[in-house]
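Structure first, then comments.
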Amino acid sequence: MMEINLEARFFDRFNMEKTAEILRSQGVLDIRFTTENESNTPYSTDSYVQSMDHDAAEPIYSLRVSVEKSRYRQAEDTIIKYGGQLH
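Numbering-wise (our numbering), the sequence shown opens with residue 449 and increments by one.
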């Protein structure tokens, strides 16, 4: 199994969380969240949601996703569909 990583930026917390929920249902291997000011500090899904309640003023959110190579295109399409900008 070959693993590929995707990273996307979101300007809306709701869209990022919705994307993560859908990606989980598609069977991604790992999801990490960061804010633009903390781009080197990954959060687990549970701790990130709690953390975001305190940092709601942050304008940009990043989503890092690890997927199997065979699911790369599906994950990419999902991210774009919900407003993520791949980088």
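For glycine and all other residues, C-beta sits at the position ideal for the given N, C-alpha and C.
- One Cα belongs to K529, the other to Y520, and the distance between them is close to 14 angstroms.
- The three-state secondary structure of Y509, taken from DSSP, is strand.
- The residues K517, in chain order, have a CB closer than 6 angstroms to that of M450 in the same chain once the five nearest residues on each side in sequence are set aside.
- DSSP places D478 in the strand class (E or B) of the three-state scheme.
- Counting along the chain, no alpha helix (DSSP H) covers R519, and no H or E run does either.
- Going by C-alpha positions, I452 is about 10 angstroms away from L477.
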